[in-house]
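Novice: Please see the structure below; I have some questions.
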Amino acid sequence: MDPLSLVVSLTEVLGLCAVAIEELKKFWNAGRDLRTLISRVGRAQRTIESILEVVREMKAAGFASLEFSLDSFVNPLKHVIRQILQQIKAFVSAEPGKLRPKFVQKLLWTLSRDKLGYLEKEMKDLEAGMANQVSALNLLATMKHLGIVRSNTLAVTSPAESELHDAFSDTATLAGSFVENPDGGEKDVVQIMRTWLGNLDTSKHDQEYVQLRARLSEAAKYGNWHDFFDLLEIGRRVYGESWVNAPRTKRREELQLISLWTPLHQAVYMGAPVDAVLRLLELGASKTLRTRWTEFPWPDMTPLELALHLGATSLLAEQGLLRPTIQQPVPHDTLKVLQDQFHELIKHDMNGKGGFRDEEWWLPELEMLLELEPRQWIWFPTEFSQAPRTEGYWYCLDGRDLLVRSENTTVNGNWEGYRITVAGTFEVEQAVMS
730 MDPLSLVVSL
740 TEVLGLCAVA
750 IEELKKFWNA
760 GRDLRTLISR
770 VGRAQRTIES
780 ILEVVREMKA
790 AGFASLEFSL
800 DSFVNPLKHV
810 IRQILQQIKA
820 FVSAEPGKLR
830 PKFVQKLLWT
840 LSRDKLGYLE
850 KEMKDLEAGM
860 ANQVSALNLL
870 ATMKHLGIVR
880 SNTLAVTSPA
890 ESELHDAFSD
900 TATLAGSFVE
910 NPDGGEKDVV
920 QIMRTWLGNL
930 DTSKHDQEYV
940 QLRARLSEAA
950 KYGNWHDFFD
960 LLEIGRRVYG
970 ESWVNAPRTK
980 RREELQLISL
990 WTPLHQAVYM
1000 GAPVDAVLRL
1010 LELGASKTLR
1020 TRWTEFPWPD
1030 MTPLELALHL
1040 GATSLLAEQG
1050 LLRPTIQQPV
1060 PHDTLKVLQD
1070 QFHELIKHDM
1080 NGKGGFRDEE
1090 WWLPELEMLL
1100 ELEPRQWIWF
1110 PTEFSQAPRT
1120 EGYWYCLDGR
1130 DLLVRSENTT
1140 VNGNWEGYRI
1150 TVAGTFEVEQ
1160 AVMS
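Residue 730 is where the sequence shown starts when you use our numbering, and the numbers rise one by one after that.
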């Protein structure tokens, strides 16, 4: 299908999403379940916008053809949204431009609730397919940007067959980048590559990267969320990194002043709209990360603590919005032992390649892993001369152990596998890790 046809088809779906959201908002008070449905349609709208943006860029770059099938999600998405709009008509009075009385709305909502719940589930099922298409397209756009792809005809597989073959058959698409799957075996397309951005020294990064990160921090600080999310997308495509938990970077002589406020902390402080906070969380913002200092009674505050102190009523009213959901209940003492040993491993590797300066680094806080499902890996890049990053550490929890795979962090430049337990750090083979 040519890019122009794709643009037309995607624009039609975007229009349907926008109409559905506007209509649903009229009945916000008809039931709490409606918030979930609006959120689902909103996510679909943003995903379509992402796909549309990439397709337009490819069209502008001169791609004559994209072997890209929309049928797997566009037609079902149109069908579901049209059914939602049909259900909404029941709430509208026979008199044009007027809504039915509230008690009638509530009665009709009760009658329609099961149907709308089914449609919400259908929307949820479609999200995975859309996310796969975004990831695959972003990968191709990134490879084109880096000069890896030179052909003006690109193929994107369907969500059910989301592996990229040919020269990249051993890579998994992660946040618009390409990296080896640390587990080995089958490669899955995933929506977000969680990244630990631990190097705080601007002298370690190229000037363009430093400027982009500075703009991101400023956008979060002043609540300019439109620019912030645009910059997140740039980081995802160009550098293969998720900047949603990015702290501010500084010059070496200013490193002692770093506060480690994340964008979610800034969102709470600035009283960001609930929609902006929801989007941050959808993109992987951590609720457990703590500041290094604040002007408030405690230096080390989570976003929830900050909201409670400031009385951020709009965010606190959303039950559980900022409260961490623990998926892996590893005891605090165990986690601290694992973290200390992981940090020692990192320092040992860095000292072998030129030295470790403590003030330059914010080493991984493992408490963040408790929010993730088991075996969800985080990427910690430690070398910054190229994009995407090829030197660093993959790590994840496996029960009460920490699995680590280092990539090019030692003098010999190979990968090394480790299982870190309370009893010590043990080298392991890849087969043991998978």
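Ideal Cβ placement from N, Cα and C applies to all residues, glycine included.
Report the three-state DSSP secondary structure of residue 813 (helix, strand or coil).
Specialist: Position 84 of the sequence shown holds residue 813. Of the three classes helix, strand and coil, the one that applies to residue 813 here is helix, per DSSP.
Novice: Hey, how far is the Cα of residue 1059 from the Cα of residue 1021?
Specialist: Residue numbering aside, residue 1059 sits at position 330 when the sequence shown is read from its first letter. Residue numbering aside, residue 1021 sits at position 292 when the sequence shown is read from its first letter. Each residue's Cα considered, the two are about 23 Å apart.
Novice: Near residue 1079, which residues of its chain fall below 6 Å by C-beta distance, leaving aside the five closest residues on each side in sequence?
Specialist: Walking along the sequence shown from the start, residue 1079 turns up at place 350. Excluding positions up to five away in sequence, the list reads 1085.
Novice: So who's on the other strand from residue 1138, going by DSSP bridges?
Specialist: Here residue 1138 is taken as the residue at index 409 of the sequence shown, counted from 1. Beta-bridge pairing links residue 1138 to no other residue.
Novice: Any contact between the region 988-1000 and the region 943-956? By contact I mean 3 or more CB pairs, one from each, below 8 Å.
Specialist: Short answer: they touch.
Novice: Please state if the CB of residue 1044 and the CB of residue 1095 are separated by a distance shorter than 8 Å.
Specialist: In the sequence shown, counting from the first residue as 1, residue 1095 sits at position 366. In the sequence shown, counting from the first residue as 1, residue 1044 sits at position 315. Contact: no.
Novice: Looking at the unbroken beta strand (DSSP E) that takes in residue 1123, where does it start and where does it end?
Specialist: Against the sequence shown, residue 1123 aligns to sequence position 394. Here the beta strand (DSSP E) through residue 1123 covers 1121-1127.
Novice: Leaving out the 5 sequence neighbours to the left and right, which residues in its chain are closer than 7 Å to residue 927 when beta-carbon positions are compared?
Specialist: Residue numbering aside, residue 927 sits at position 198 when the sequence shown is read from its first letter. Excluding positions up to five away in sequence, the list reads 1090, 1091, 1092, 1093, 1109.
Novice: Compare the beta carbon distance of residue 923 and residue 1049 with 8 Å and say whether it is the shorter of the two.
Specialist: For the purposes of this step, residue 923 is taken as the residue at position 194 of the sequence shown. For the purposes of this step, residue 1049 is taken as the residue at position 320 of the sequence shown. Contact flag unset, no.
Novice: Can you tell me which of the three DSSP states residue 1106 falls into?
Specialist: In the sequence shown, residue 1106 corresponds to position 377, counting from 1. The answer is coil: DSSP assigns residue 1106 none of H, G, I, E or B.
Novice: By Cβ distance, which residues of its chain are closer than 6 Å to residue 1054, with the 5 residues on each side in sequence left out?
Specialist: Reading the sequence shown from its first residue, position 325 is the one you call residue 1054. Nothing listed; no residue qualifies.
Novice: Candidates 1046, 1062, 789, 777: which alpha carbon is nearest residue 1152's?
Specialist: Translated into the one-based positions of the sequence shown, residue 1152 becomes position 423. Measuring from the Cα of residue 1152, the nearest candidate turns out to be 1062.
Novice: In angstroms, rounded to a whole number, what distance separates the CA positions of residue 1025 and residue 975?
Specialist: Here residue 1025 refers to the residue found at position 296 when the sequence shown is read from its first residue. Here residue 975 refers to the residue found at position 246 when the sequence shown is read from its first residue. For residue 1025 and residue 975, the distance between alpha carbons rounds to 21 Å.
Novice: Rounded to the nearest angstrom, how far is the Cβ of residue 1057 from that of residue 1009, given a contact under 8 Å?
Specialist: Within the sequence shown, the letter at position 328 stands for residue 1057. Within the sequence shown, the letter at position 280 stands for residue 1009. At roughly 22 Å, the Cβ-Cβ gap does not stay under 8 Å, so residue 1057 and residue 1009 are not in contact.
Novice: How is residue 1068 classed by DSSP in three states: helix, strand or coil?
Specialist: Here residue 1068 corresponds to residue number 339 of the sequence shown, with the count starting at 1. In this structure, residue 1068 counts as helix in the three-state DSSP scheme.
Novice: Please state the DSSP three-state secondary structure of residue 1158.
Specialist: Residue numbering aside, residue 1158 sits at position 429 when the sequence shown is read from its first letter. Looking at residue 1158 - three-state DSSP - the assignment turns out to be coil, as it is neither helix nor strand.
Novice: Does DSSP put residue 938 in a helix, a strand or coil?
Specialist: Translated into the one-based positions of the sequence shown, residue 938 becomes position 209. In this structure, residue 938 counts as helix in the three-state DSSP scheme.
Novice: What first and last residue would you give for the alpha helix (DSSP H) that runs through residue 1042?
Specialist: Translated into positions along the sequence shown, residue 1042 becomes position 313. Where residue 1042 is concerned, the enclosing alpha helix (DSSP H) stretches over 1042-1045.
Novice: Could you give the DSSP three-state label for residue 927: helix, strand or coil?
Specialist: For this step, residue 927 is matched to residue 198 along the sequence shown. Coil, per DSSP.
Novice: So, with DSSP's three-state summary, where would you put residue 1021?
Specialist: In the sequence shown, residue 1021 corresponds to position 292, counting from 1. Reduced to three states, the DSSP call for residue 1021 is coil.
Novice: Does the Cβ of residue 986 have 16 or more other Cβ atoms within 10 Å, making it buried, or fewer, making it exposed?
Specialist: The count along the sequence shown starts at 1 and reaches residue 986 at position 257. It is exposed - the Cβ of residue 986 has fewer than 16 other Cβ atoms within 10 Å.
Novice: Would residue 1031 pass as a contact of residue 1017 if the rule is Cβ separation under 8 Å?
Specialist: Reading the sequence shown from its first residue, position 302 is the one you call residue 1031. Reading the sequence shown from its first residue, position 288 is the one you call residue 1017. Contact: yes.
Novice: Beta strand (DSSP E) containing residue 1145: first to last residue?
Specialist: Taking the sequence shown and counting its residues from 1, the one referred to as residue 1145 is at position 416. First-last of the beta strand (DSSP E) with residue 1145: 1144-1150.
Novice: Using only CA atoms, which one of 1035, 1135, 980, 855 lies nearest to residue 1088?
Specialist: Residue 1088 sits at position 359 when you count from the first residue of the sequence shown. The shortest C-alpha separation from residue 1088 is found at 980.
Novice: Quick check: what's the CA-CA separation for residue 946 versus residue 939?
Specialist: By one-based count along the sequence shown, residue 946 stands at place 217. By one-based count along the sequence shown, residue 939 stands at place 210. So the alpha carbons of these two residues sit roughly 11 Å apart.
Novice: Is it true that the CB of residue 1146 sits closer than 8 Å to the CB of residue 1129?
Specialist: As a position in the sequence shown, residue 1129 is number 400, starting the count at 1. As a position in the sequence shown, residue 1146 is number 417, starting the count at 1. No; because the gap between Cβ atoms is not below 8 Å, this pair is not in contact.
Novice: Between the alpha carbons of residue 803 and residue 851, how many angstroms are there, rounded?
Specialist: For this step, residue 803 is matched to residue 74 along the sequence shown. For this step, residue 851 is matched to residue 122 along the sequence shown. About 13 Å.
Novice: Quick check on this structure: which residue in 1035, 1104, 1137, 1121 has the alpha carbon closest to the alpha carbon of residue 1127?
Specialist: Counting from one through the sequence shown, the residue named residue 1127 turns up at place 398. When each option's Cα is compared against that of residue 1127, the closest is 1104.
Novice: Counting along the chain, where does the alpha helix (DSSP H) carrying residue 995 start and finish?
Specialist: Here residue 995 corresponds to residue number 266 of the sequence shown, with the count starting at 1. 992-998 is the span of the alpha helix (DSSP H), which, as asked, contains residue 995.
Novice: Are residue 1107 and residue 990 close, meaning C-beta to C-beta below 8 Å?
Specialist: Indexing the sequence shown from 1 puts residue 1107 at position 378. Indexing the sequence shown from 1 puts residue 990 at position 261. Against a cut-off of 8 Å, the Cβ pair of residue 990 and residue 1107 comes out as no contact.
Novice: Suppose you measure from the CA of residue 959 to the CA of residue 772; what does that come to, to the nearest Å?
Specialist: On the sequence shown, residue 959 is found 230 positions in, with the first residue counted as 1. On the sequence shown, residue 772 is found 43 positions in, with the first residue counted as 1. C-alpha separation (whole angstroms): 16 Å.
Novice: Could you give the distance in angstroms between the alpha-carbon of residue 1164 and the alpha-carbon of residue 777?
Specialist: Nothing can be reported for residue 1164: it is not among the residues displayed for the chain, which extend from 730 to 1163.
Novice: How many angstroms separate the CA atom of residue 1120 from the CA atom of residue 1137?
Specialist: Translated into the one-based positions of the sequence shown, residue 1120 becomes position 391. Translated into the one-based positions of the sequence shown, residue 1137 becomes position 408. In a straight line, the C-alpha of residue 1120 is about 5 Å away from that of residue 1137.
Novice: Restricting to Cα atoms, I'd like to know which of 1112, 1125, 1083, 1111 is closest to residue 1102.
Specialist: On the sequence shown, position 373 is the one that residue 1102 refers to. Among 1112, 1125, 1083, 1111, the Cα nearest to that of residue 1102 belongs to 1125.
Novice: What is the residue span of the alpha helix (DSSP H) that residue 1094 lies within?
Specialist: Locating residue 1094 in the sequence shown gives position 365, where the first residue counts as 1. Where residue 1094 is concerned, there is no enclosing alpha helix (DSSP H), given that its DSSP letter is neither H nor E.
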